[in-house]
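**Q** Handing you a structure now.
Protein chains: 2
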Amino acid sequence: MRGNISEIKWLTMTAITFTLTAISISAYAFKRKWNDMNSKIEELEASLKSCSEKCASERQGRIRAQQALREEVTKSQPKSENLNLTCYPMMPIGIVHSCFSTRNGTPRQPLLVPLARACLVFNTTRVPPASLEGLEEYSHCWILYVFHLNTDLDKLWKHPSKSGFKAKVRVPRLKGGRKGVFATRSPHRPCPIGLTVAKVEAVQGNMVLLSGVDLVDGTPVLDLKPYLPYCDSIREATVPNWLTDDNLLSVASISFSEDFASALEKCWIVAEKKSLYASPGEFQSLIKQVLSWDIRSLSQRNRPHDALLNENGELLGNASDVDDHENAINSSEIIYHLILEGLDVSYRIDHVGNVIVHNVSPAVQDNKHSFFNYLTWKDKLQ
Amino acid sequence: MRGNISEIKWLTMTAITFTLTAISISAYAFKRKWNDMNSKIEELEASLKSCSEKCASERQGRIRAQQALREEVTKSQPKSENLNLTCYPMMPIGIVHSCFSTRNGTPRQPLLVPLARACLVFNTTRVPPASLEGLEEYSHCWILYVFHLNTDLDKLWKHPSKSGFKAKVRVPRLKGGRKGVFATRSPHRPCPIGLTVAKVEAVQGNMVLLSGVDLVDGTPVLDLKPYLPYCDSIREATVPNWLTDDNLLSVASISFSEDFASALEKCWIVAEKKSLYASPGEFQSLIKQVLSWDIRSLSQRNRPHDALLNENGELLGNASDVDDHENAINSSEIIYHLILEGLDVSYRIDHVGNVIVHNVSPAVQDNKHSFFNYLTWKDKLQ
Numbered sequence: 001m002r003g004n005i006s007e008i009k010w011l012t013m014t015a016i017t018f019t020l021t022a023i024s025i026s027a028y029a030f031k032r033k034w035n036d037m038n039s040k041i042e043e044l045e046a047s048l049k050s051c052s053e054k055c056a057s058e059r060q061g062r063i064r065a066q067q068a069l070r071e072e073v074t075k076s077q078p079k080s081e082n083l084n085l086t087c088y089p090m091m092p093i094g095i096v097h098s099c100f101s102t103r104n105g106t107p108r109q110p111l112l113v114p115l116a117r118a119c120l121v122f123n124t125t126r127v128p129p130a131s132l133e134g135l136e137e138y139s140h141c142w143i144l145y146v147f148h149l150n151t152d153l154d155k156l157w158k159h160p161s162k163s164g165f166k167a168k169v170r171v172p173r174l175k176g177g178r179k180g181v182f183a184t185r186s187p188h189r190p191c192p193i194g195l196t197v198a199k200v201e202a203v204q205g206n207m208v209l210l211s212g213v214d215l216v217d218g219t220p221v222l223d224l225k226p227y228l229p230y231c232d233s234i235r236e237a238t239v240p241n242w243l244t245d246d247n248l249l250s251v252a253s254i255s256f257s258e259d260f261a262s263a264l265e266k267c268w269i270v271a272e273k274k275s276l277y278a279s280p281g282e283f284q285s286l287i288k289q290v291l292s293w294d295i296r297s298l299s300q301r302n303r304p305h306d307a308l309l310n311e312n313g314e315l316l317g318n319a320s321d322v323d324d325h326e327n328a329i330n331s332s333e334i335i336y337h338l339i340l341e342g343l344d345v346s347y348r349i350d351h352v353g354n355v356i357v358h359n360v361s362p363a364v365q366d367n368k369h370s371f372f373n374y375l376t377w378k379d380k381l382q
Numbered sequence: 001m002r003g004n005i006s007e008i009k010w011l012t013m014t015a016i017t018f019t020l021t022a023i024s025i026s027a028y029a030f031k032r033k034w035n036d037m038n039s040k041i042e043e044l045e046a047s048l049k050s051c052s053e054k055c056a057s058e059r060q061g062r063i064r065a066q067q068a069l070r071e072e073v074t075k076s077q078p079k080s081e082n083l084n085l086t087c088y089p090m091m092p093i094g095i096v097h098s099c100f101s102t103r104n105g106t107p108r109q110p111l112l113v114p115l116a117r118a119c120l121v122f123n124t125t126r127v128p129p130a131s132l133e134g135l136e137e138y139s140h141c142w143i144l145y146v147f148h149l150n151t152d153l154d155k156l157w158k159h160p161s162k163s164g165f166k167a168k169v170r171v172p173r174l175k176g177g178r179k180g181v182f183a184t185r186s187p188h189r190p191c192p193i194g195l196t197v198a199k200v201e202a203v204q205g206n207m208v209l210l211s212g213v214d215l216v217d218g219t220p221v222l223d224l225k226p227y228l229p230y231c232d233s234i235r236e237a238t239v240p241n242w243l244t245d246d247n248l249l250s251v252a253s254i255s256f257s258e259d260f261a262s263a264l265e266k267c268w269i270v271a272e273k274k275s276l277y278a279s280p281g282e283f284q285s286l287i288k289q290v291l292s293w294d295i296r297s298l299s300q301r302n303r304p305h306d307a308l309l310n311e312n313g314e315l316l317g318n319a320s321d322v323d324d325h326e327n328a329i330n331s332s333e334i335i336y337h338l339i340l341e342g343l344d345v346s347y348r349i350d351h352v353g354n355v356i357v358h359n360v361s362p363a364v365q366d367n368k369h370s371f372f373n374y375l376t377w378k379d380k381l382q
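Residue numbers (UniProt numbering), protein chains in the order written: chain A, 1 to 382; chain B, 1 to 382.
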């Protein structure tokens, strides 16, 4: 009986021990696997973090680059816009410092005003003075320039193909009639390059003194070429009939008010330093030459009797612009203004074209360009 | 005693059952945790994969954008380089399709070769045909164009201020003497804009037929202006003495070989389709006009007797280039080439200036531009 019991006890013990051992072993195995998995998860989480950080920085870099690119492309629109047509960047070689401070009064064609002087100053970083050697041997030269006062230039540079340039332009001589832009010399052209001829007076260093110019002060110059009569002068060239009846109206007479001389003397003290003219007398001759042609616009000429004046008798606008006709007056009472070398020349003109120049005073906004002293040229011009 | 044994048995059983239950429970817990972890790992691995993919694409995008930016910046160099001088982007308004396939043979000045025809084709996206209305009323017009064959253009566009343009250029008439570039019409100018006059033959849609041109085929045109004799023709203009002794050598005589006519007839079958000329006869007159001026370069003219020929008698170079003078021959044996409308016209010229045109054949590299059928103009020209 005793053997029986002890046998059972042993059996039980063995069973329990065995079971416990089995448990502990599997537990241990589990534990190891467990740790492995935890570390793997930690690892994965870490690399995920760094990856998303890297991704963010790449993204930022991409955005920055694309923004910069967009800017650059809009800057150089013409190139990207018209892949089929090359766009040639033309950088001016110099600037014209002319006696004509504003467009108003600038002659409608070259050589009309012999005393109309300008100093073409070359940019020495681009054009060494040696490149002007021999120019003084020619009597005349061509000036290729940019119509820099066109208000639509920016649009033109940014979107040449979209530039709102008009295919047909109003022609003064046709009293508002329209012609294709390439049948005219209008400044509003797809490539706003102007062509004019001038007299070569003197060459000095990086400066060329010109006369007979029709260029407004500050005009950027692209090129200067000698005038070759055997190529450039075509006597037999013909023009349309509408051009032959020349409407460059010359005025009947020009006189100066009594006080004019003294007014000019006063201005001259300051003006002389930066003038292209030797004396008040020479400057007065310039005024005379400029005003010997009726420089008023078509509208000014056609309905001066509708004009409105302020209390000083200065032109405000045209009656057509307003309802009130009370101030409408006679053209001979209108005061017109011409700004030469930063001096404001005021004059009247009557119905039959007699001009009375009655005053001269420093213009409100002075001519910032003509800082050239006549004396620079004195020896050359004598 | 019996109770004792049964008690022990029960105890053992309970113990084992309990243990096993405990094991199964913990095992179940482990199993669940285990699955959770596995799915988490799968999750993490998936998001890591997608993240690194996203990162790669961002990186590619960044690189592409930066490359494009670099390109764009170098393209618009002039702007960034010279902040002080505005750079005006000038986009051609059209292309000249001229009879002169190469520079060699292109007249040295306009109107020298009356039959020298060109068709100026305007880019309609920039220039509506209406802008040409009225042009046909003028006999002549100015063409402002780009010297597009200048080899130094790229440098000029990219670094206008650094462009290696020479201040002084050799002048053919001075037998190599040098003058300032602005005292010449040299194409190598800071702004490589050319100015030439041409006869207006006809205007049709967006095309203008010109004659008397000195423009090489493919010339990009910036502007066209009507010729105004009262502004542009200056009879009294004077030039330096070195220009007055005109060295446009006219030849003594021009004759054609017996086989020439038949050779031209053969070429004409193909050439006619894209020709600006009505018949082989008219094309032959063009050849006669072009060759009536000695179009050889100064060096070709001055030392032909030193010239070297290949077995076909074609000009290889000058003896000065090599030591061996064996092949040196007489100028009358040299074969010169003139390419008009893609046809290679070969001729000889003797010491006293008698020209013998002996053959014509399609040029190796054909003129890709002149695809204009004369018939387009036939009605206009009659």
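C-beta: ideal position from N, C-alpha, C; glycine also.
This structure is a prediction, so every number in the text was calculated from the model and none was measured.
Any heavy atom of the ligand FAD closer than 7 Å to the beta-carbon of C267/B?
**A** Ligands in the displayed structure: none, and consequently the ligand FAD is not present.
**Q** With DSSP run on the structure shown, which of helix, strand or coil describes V113/B?
**A** If DSSP states are grouped into helix, strand and coil, V113/B belongs with coil.
**Q** Looking only at its chain, what residues have a beta carbon closer than 7 Å to the beta carbon of P220/A, apart from the 5 residues adjacent to it on each side?
**A** P92, I95, Y145, V146, H148.
**Q** If we count the other Cβ atoms within 10 Å of its Cβ and call it buried at 16 or more, is A237/B buried or exposed?
**A** Its Cβ being crowded by 16 or more others within 10 Å, A237/B is buried.
**Q** Measure how close the beta-carbons of I5/B and I5/A come, nearest whole angstrom, since I'm counting them as under 8 Å.
**A** So it is a contact: roughly 6 Å between Cβ atoms.
**Q** Use the C-beta contact count for F283/A: other C-beta atoms within 10 angstroms, 16 or more gives buried, fewer gives exposed.
**A** Buried, by the Cβ-count rule.
**Q** Between which two residues does the beta strand (DSSP E) holding residue 383/A run?
**A** Residue 383/A lies beyond the range of chain A shown here (1 to 382); nothing can be said about it.
**Q** Excluding the five sequence neighbours on either side, which residues of its own chain have a C-beta within less than 6 Å of the C-beta of N84/A, listed in chain order?
**A** For N84/A, the predicted structure reports a pLDDT of 48, less than 50, and the residue's modelled location is therefore unreliable. A value from the coordinates is still provided. Same-chain partners within the cutoff: there are none.
**Q** Just to make sure I have the definition right: I need the residues of chain A whose C-beta is within less than 7 Å of the C-beta of E133/B. Which are they?
**A** Ordered by position in chain A, the residues that pass the 7 Å Cβ test against E133/B are K168, K179, G180, A183.
**Q** Report the CB separation of L195/A from E201/A in whole angstroms; it is logged as a contact under 8 Å.
**A** L195/A to E201/A, Cβ: 20 Å. No contact.
**Q** Using 8 Å as the limit for Cβ to Cβ distance, is E326/A near chain B?
**A** Residue placement at E326/A is poorly supported in this model, since its pLDDT is 42, which falls under 50; the coordinates still yield a value, given next. Not an interface residue.
**Q** Identify whether P190/B lies in helix, strand or coil by the three-state DSSP scheme.
**A** Here P190/B sits in coil by DSSP.
**Q** Spell out whether any CB of chain A is found under 8 Å from the CB atom of Q30/B.
**A** The amino acid at residue 30/B is misidentified as Gln; the sequence shows Phe. At least one chain A Cβ lies under 8 Å of F30/B.
**Q** Relative to the C-alpha of C267/B, which residue among S279/B, I356/B, N150/B is closest?
**A** Out of S279/B, I356/B, N150/B, S279/B has the C-alpha closest to the C-alpha of C267/B.
**Q** Helix or strand or just coil, what does DSSP make of A257/A?
**A** The residue you asked about is not Ala; residue 257/A is Ser in the sequence shown. DSSP places S257/A in coil when its eight states are reduced to three.
**Q** Just to confirm, are V181/B and S131/A a CB contact at a threshold of 8 Å?
**A** It is a contact, given that the beta carbons lie within the stated cut-off.
**Q** Using a Cβ cut-off of 8 Å (strictly closer), state whether L120/B contacts chain A.
**A** Not one chain A Cβ lies under 8 Å of L120/B.
**Q** Could you pull the DSSP bridge partners for Y336/B from this structure?
**A** Note: Y336/B sits in a beta bridge opposite Y347/B.
**Q** Under 8 Å, do L286/B and C119/B count as touching if we go by C-beta distance?
**A** Not closer than 8 Å, so no.
**Q** Using the Cα positions of T19/A and T19/B, report the straight-line distance between them to the nearest angstrom.
**A** The straight-line gap from Cα to Cα measures roughly 8 Å.
**Q** Measure from the C-beta of D350/B to each C-beta in chain A and report whether the shortest distance is under 8 Å.
**A** Answer no: the Cβ-Cβ gap between D350/B and chain A never drops below 8 Å.
**Q** Just tell me which of L338/A, R348/A, V357/A, H358/A has its CA closest to the CA of V364/A.
**A** Checking every option, the nearest Cα to that of V364/A belongs to L338/A.
**Q** Answer yes or no: does any C-beta atom of chain A fall closer than 8 Å to that of I193/B?
**A** Chain A, which has a Cβ nearer than 8 Å to the Cβ of I193/B, makes this yes.
**Q** Short check: CB of I193/B to CB of L135/A, under 8 Å?
**A** No, the pair does not count as a contact, with Cβ atoms beyond the cut-off.
**Q** How about P362/B and D344/B: do their beta carbons lie closer than 8 Å?
**A** Against a cut-off of 8 Å, the Cβ pair of D344/B and P362/B comes out as a contact.
**Q** Cβ of C54/A less than 8 Å from any chain B Cβ?
**A** This sequence places Lys at residue 54/A; Cys is not what is there. Taking Cβ atoms only, chain B reaches closer than 8 Å to K54/A, which makes this a yes.
**Q** Just to confirm, are L111/A and V216/A a CB contact at a threshold of 8 Å?
**A** No, Cβ-Cβ distance for L111/A and V216/A is not below 8 Å.
**Q** Report the CB separation of residue 385/A from K179/A in whole angstroms; it is logged as a contact under 8 Å.
**A** With chain A running from 1 to 382 in the structure shown, residue 385/A is simply not present.
**Q** For A263/B and S346/B, what's the separation of their Cα atoms in angstroms?
**A** Approximately 12 Å between the Cα atoms of the pair.
**Q** Verify the CB distance criterion: does P280/B have a CB-CB separation below 8 Å to chain A?
**A** Cβ-Cβ to chain A under 8 Å: no for P280/B.
**Q** C141/B: which of N206/B, S211/B, L115/B sits nearest, CA to CA?
**A** Of the candidates N206/B, S211/B, L115/B, the one whose C-alpha sits nearest the C-alpha of C141/B is S211/B.
**Q** Drop a sphere of 10 angstroms on the beta-carbon of E258/B, count the other beta-carbons inside from all chains shown, and report buried for 16 or more, exposed for fewer.
**A** It counts as exposed.
**Q** Decide if M13/A is buried, meaning its Cβ has at least 16 other Cβ atoms within 10 Å, or exposed.
**A** Flag for M13/A reads exposed.
**Q** Taking beta-carbon pairs under 8 Å, can you tell me which members of the segment 207-225 of chain A lie near chain B?
**A** Listed by position, the residues of the segment 207-225 of chain A near chain B (Cβ gap below 8 Å) are P220, L222, D223, L224, K225.
**Q** Consider the Cβ of L144/B: report whether some Cβ of chain A lies at a distance smaller than 8 Å.
**A** Judged by the 8 Å Cβ criterion, L144/B is in contact with chain A.
**Q** Give the DSSP-derived three-state secondary structure of L69/A in the structure shown.
**A** Three-state result, L69/A: helix.
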